[in-house]
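Undergrad: Following this message is one structure expressed as C-alpha cells.
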Amino acid sequence: MFRSQESTIEALKERILQLKKSLNAVIVAHNYQRPEVQDIADFVGDSLELARQCTQVDADVIVFCGVHFMAESAAILNPERTVLLSEADAGCPMADMISEDDIREWKERYPDAAVVCYVNSSARVKAQSDICCTSANGVKVVESLPNHEVLFIPDQHLGHYISAKTEKRMILYPGFCIVHQRVDPRHIRFARELYPDAVVLVHPECSAEVIAQADAALSTSQMFRYAKASAKETFLIGTEEGILHRMRRENPDKAFHLLTTGLLCREMKKTTLESVVRTMEERRNIVQVPEEVRVKAKLALDRMLEVS
Ligand code: 13P
Ligand code: SF4
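Numbering (the working numbering), first residue to last: 175 to 482.
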C-alpha cells in the first residue's frame, strides 16, 4: 500500500472515531464487509450474532455496515435507537426474490403450514411470517414448531439443508443467493485433489450437491469457530471472500482458500470507509419501518431469538 493511501485510511479511521463519540454510536459489520470496514467496527459477526448484538448495545445510534435487511432487523428490534445503513442501496438480491404479495399467495396455497422466514428478507415479509431463522439456527427453529408442515422462505437451499435434518414436511420457496450458487461440486472435487488433507466448509446457501461433498455446512461465524477448534491446517471455503480477513487474522498458522473465484457479494462491498464517514456525518440512510409492520416483524424475530 502507498504511504498516501495509508494516511488517507488513518485519517478516515480517526474521523470515524470522532463521529462515534459525537453521535454516541456503535458500528456493527457483517463478516462479508471489506477488511478495513471490519477493522473499524465495534462488533463483527454473522446475521444471528448481529441481530442479538443490536438488542444489547448501549448507544443512541447503530451504524450498520452490511445490507438493507440486516439494518432493518436492527431497526425492528431497536425502535428507540436510530439505525443508519452504511450504503443506502446495499440490498440482498435473495431478499428481493420474495414480495409481500408472493408470501400471501403461498400462504393461501398451504394454509396449515407454519411460515419460517430466513432473515434475508424484508420487514414486510417477516411480518407475514410465524418465525425467522438464520443459517446458524434454522434446524432448531424448524424443530421448535408444533406444525408438521413448514413453508420455508425465501432460500430454497437453506430450506433443503434443514429439511434433510428434520422429519417435518417442508415446502421450499425457490429463492437463492447469486453468490453461493456459483459454487459447484466440481470445485470441491478439484480442490480436494490439490489439497487432499484440507477441510471443506461451505455455507448452507450452497446447493444440496455442494453441501453433500463438503465436510460441514455452517453459518459464517460457525466457520470461524470450526476453523479455530480444528487440528487441521488447510481449509477450503465455500462462502463470500470477506470471511477470509478474520479467518486468516485469527488463525495465522492455518491456510484458507476459496473453493472458486468470484465469490464476491457486490452489495456487501458497496460500503467503504468513506461511505461510513458520509453516513455518520450527514446522519443519513436512516432505516425506518412502519410501526404496524415493525411490531409484527419483531414478533417473528423475537421468537427466533428465544429459540436460539
Ligand atoms: P450468515 O448469517 O451465515 O453470516 O450469512 C448471511 C448471508 O447473507 C449469507 O449470504
Ligand atoms: Fe444476499 Fe447472497 Fe449477498 Fe448474502 S451473499 S447478502 S444472501 S446476495
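C-beta: ideal position from N, C-alpha, C; glycine also. Since we're looking at a predicted model, the values are computed, not measured.
Where does the unbroken alpha helix (DSSP H) through Tyr-400 begin, and where does it stop?
TA: Segment 394–403, the alpha helix (DSSP H) holding Tyr-400.
Undergrad: What span of residues does the beta strand (DSSP E) with Glu-274 cover, start to end?
TA: Premise fails: Glu-274 lies in the alpha helix (DSSP H), 274–283, not in any beta strand (DSSP E).
Undergrad: Hey, could you find the ends of the alpha helix (DSSP H) Ile-460 is sitting in?
TA: Where Ile-460 is concerned, there is no enclosing alpha helix (DSSP H), given that its DSSP letter is neither H nor E.
Undergrad: Counting pairs of Cβ atoms below 8 Å between the stretch 200–220 and the stretch 412–421, do you hit three or more?
TA: Contact holds: three or more Cβ-Cβ distances are below 8 Å.
Undergrad: Please state whether DSSP places Leu-319 in a helix, a strand or coil.
TA: Of the three classes helix, strand and coil, the one that applies to Leu-319 here is coil, per DSSP.
Undergrad: From which residue to which residue does the beta strand (DSSP E) around His-419 run?
TA: It is not in any beta strand (DSSP E) - His-419 instead sits in the alpha helix (DSSP H) that spans 417–424.
Undergrad: Could you spell out the range, first to last residue, of the alpha helix (DSSP H) harbouring Thr-446?
TA: That residue, Thr-446, is in no alpha helix (DSSP H); it is neither H nor E in DSSP.
Undergrad: Does the ligand SF4 have a heavy atom nearer than 6 Å to the CB of Val-353?
TA: Yes; taking the cut-off as 6 Å, the Cβ of Val-353 has a heavy atom of the ligand SF4 nearer than that.
Undergrad: Considering only DSSP beta bridges, list what Ile-214 is partnered with.
TA: Per DSSP, none; premise fails for Ile-214.
Undergrad: Is there contact between the stretch 447–462 and the stretch 281–291, where contact requires at least three CB pairs shorter than 8 Å?
TA: The answer is no - the stretch 281–291 does not touch the stretch 447–462, with fewer than three Cβ pairs under 8 Å.
Undergrad: I'd like the list of long-range same chain contacts for Gln-227, defined as Cβ closer than 8 Å, with 5 residues on each side in sequence excluded.
TA: Answer for Gln-227: Val-202, Phe-217 and Gly-219, listed in chain order.
Undergrad: Nearest to Met-244 by CA position, among Tyr-400, Arg-177 and Ala-471, is which residue?
TA: Among Tyr-400, Arg-177 and Ala-471, the Cα nearest to that of Met-244 is on Ala-471.
Undergrad: Classify Ala-288: buried if its beta carbon has 16 or more other beta carbons within 10 angstroms, exposed otherwise.
TA: So Ala-288 ends up on the buried side.
Undergrad: Take the Cβ of Asn-294 as the centre, count every other Cβ of all protein chains shown within 10 Å, and call the residue buried at 16 or more, exposed below.
TA: Under this definition Asn-294 is a buried residue.
Undergrad: Please find out if some non-hydrogen atom of the ligand SF4 comes closer than 6 Å to the beta-carbon of Glu-261.
TA: Not so, every heavy atom of the ligand SF4 lies at least 6 Å from the Cβ.
Undergrad: According to the Cβ coordinates, are Cys-266 and Thr-445 closer than 7 Å?
TA: The answer is no: Cβ separation not under 7 Å.
Undergrad: Quick one: what's Asp-329 bridged to in DSSP?
TA: Gly-349, per the DSSP bridge assignment.
Undergrad: For the alpha helix (DSSP H) containing Ala-287, name the first residue and the last one.
TA: Run containing Ala-287: none; DSSP gives neither H nor E here.
Undergrad: State the DSSP-derived secondary structure class of Ala-391, mapped to helix, strand or coil.
TA: Strand, per DSSP.
Undergrad: With a threshold of 16 other CB atoms inside 10 Å of the CB of Arg-468, please say whether the residue is buried or exposed.
TA: Burial call: buried.
Undergrad: Check whether the Cβ of Val-289 lies closer than 6 Å to any heavy atom of the ligand SF4, and answer yes or no.
TA: Answer for Val-289: no, Cβ out of range of the ligand SF4.
Undergrad: Counting only the same chain and skipping the five closest in sequence on each side, list residues whose C-beta sits under 7 Å from that of Gly-436.
TA: These residues qualify, in order along the chain: Arg-356.
Undergrad: State the beta-bridge partners of Met-478 as determined by DSSP.
TA: Its beta-bridge partners do not exist; DSSP assigns none.
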